[in-house]
Amino acid sequence: MTQNHNQLSLQIRGDHSEIAVVTLTRPAKRNALNDALVIALRDTFQNLPASVRAAVIHGEGDHFCAGLDLSELSERDAGQGMMHSRMWHTALDALEKGQVPVVAALHGAVVGGGLELASACHIRVADESAFFALPEGSRGIFVGGGGSVRVPKLIGAARMADMMFTGRVYKAAEAERIGLAQYLVPAGSAFDKAFELATRIASNAPLTNYALMHALPRIAEQPADHGLFTESLVAAIAQSAPEAKARVRAFLDGKAAKVSKD
Ligand code: 1HE
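Residue numbers are given in our numbering: position 216 of the sequence shown equals residue 866, and the series is strictly consecutive.
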């Protein structure tokens, strides 16, 4: 199944229609995010088909995403600027706090709002062509798509401030080393790796994936004692699901895969 918004496409793939592939399809503008595209992202992630268990997001052309569409920035007053930023928050929250994990396949420019979008995803795969930057600093603006909250969680506030103060650009290998991406793959193979990971994720119990998306980040922000209590609640709920019982039984019966280092 394929749905096309104007500048975004949604394809449902996999034997059980379990993988959503979301493609930014605005290569002539390096997939810059105008308002229509931000709203399409929101609508897409709020309305994924029930069969979907994991998603991949990537960009058409030579770049993942050039960030905010700067041609739309011109005439907003302060109130409109605030609402515009809140619209981004709603859209990227729909992705980050949605129903299924999202794997970002990154190549070429992952800059400004493109990095904000990538940092709302649950796993980032960078190929060797990827480069990461926050040019907001030199454009006289600030991040507005959740970057000030999400990027420091990946690399720390000091590194993010450096990127904005100095225009520092991280190439893929260094980006992976500092935590902007979790996987580094040869140029041209980010999508295949992301799809492979999404397929693996989709085979997990949905409740486990949901807990990883929704409990883990909240626990990270709780005081340790509250976090431990939340962990116990989530663990109790997850282990009580029939699917958990069946998966553990399958292992004990020798019918499920062992952990293997290869
Ligand atoms: C754009 C945008 C854009 C390209 N808004 N139109 N983001 C930036 O500051 C990054 C700005 N873009 C670039 O630095 C470069 O375009 C790239 C490194 C991403 C790609 O370079 P290249 O040589 O492949 O493409 P290009 O020739 O620069 O751009 C091709 C076209 O895309 C051109 O338009 P054309 O009509 O002349 O063909 C560019 O104007 C257009 N284009 N990027 C609008 N960003 C929620 S707040 C977030 C705040 C931010 O994201 S600020 C950072 C914005």
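Each residue gets a CB set at the ideal place from its N, CA and C atoms; glycine is no exception.
Enclosing beta strand (DSSP E) for Arg899 [first to last residue] | For the purposes of this step, residue 899 is identified with residue 249 of the sequence shown, where counting begins at 1. From DSSP, Arg899 is part of no beta strand (DSSP E) but of the alpha helix (DSSP H) over 892 to 902.
Mark Phe792 as exposed unless 16 or more other C-beta atoms lie within 10 angstroms of its C-beta, in which case mark it buried.
Translated into positions along the sequence shown, residue 792 becomes position 142. Classification of Phe792: exposed, given that the 10 Å Cβ count is below 16.
Margin query: To the nearest angstrom, how far is the alpha carbon of Thr652 from that of Phe714?
Written below: Start at 1 with the first residue of the sequence shown, and residue 652 comes out as number 2. Start at 1 with the first residue of the sequence shown, and residue 714 comes out as number 64. Going from the Cα of Thr652 to the Cα of Phe714 covers about 20 Å.
Q) How about Asp712 and Leu683: do their beta carbons lie closer than 8 Å? A) Along the sequence shown, one-based indexing puts residue 712 at 62. Along the sequence shown, one-based indexing puts residue 683 at 33. Their beta carbons are not under 8 Å apart, which means Asp712 does not touch Leu683 by this criterion.
- Message: Could you check if Asp719 belongs to the surroundings of the ligand 1HE, using beta carbon to heavy atom distance under 7 Å?
- Response: Residue numbering aside, residue 719 sits at position 69 when the sequence shown is read from its first letter. Yes; taking the cut-off as 7 Å, the Cβ of Asp719 has a heavy atom of the ligand 1HE nearer than that.
Let me know the secondary structure DSSP gives Leu674 once reduced to three states.
On the sequence shown, position 24 is the one that residue 674 refers to. DSSP places Leu674 in strand when its eight states are reduced to three.
With Ala822 as the anchor, note down where its alpha helix (DSSP H) starts and where it stops.
In the sequence shown, residue 822 corresponds to position 172, counting from 1. Unbroken alpha helix (DSSP H) run through Ala822: 822 to 828.
Handout entry: Distance between Gly794 and Ser735 (C-alpha atoms, nearest Å)
Key = Position 85 of the sequence shown, counting from 1, holds the residue named residue 735. Position 144 of the sequence shown, counting from 1, holds the residue named residue 794. Roughly 5 Å separates the two Cα atoms.
* According to DSSP, which residues form a beta bridge with Leu658? -> Position 8 of the sequence shown holds residue 658. Paired residue(s): Leu674.
His708, buried or exposed, once every other Cβ within 10 Å from all chains shown has been counted against 16: For this step, residue 708 is matched to residue 58 along the sequence shown. Buried is the call here.
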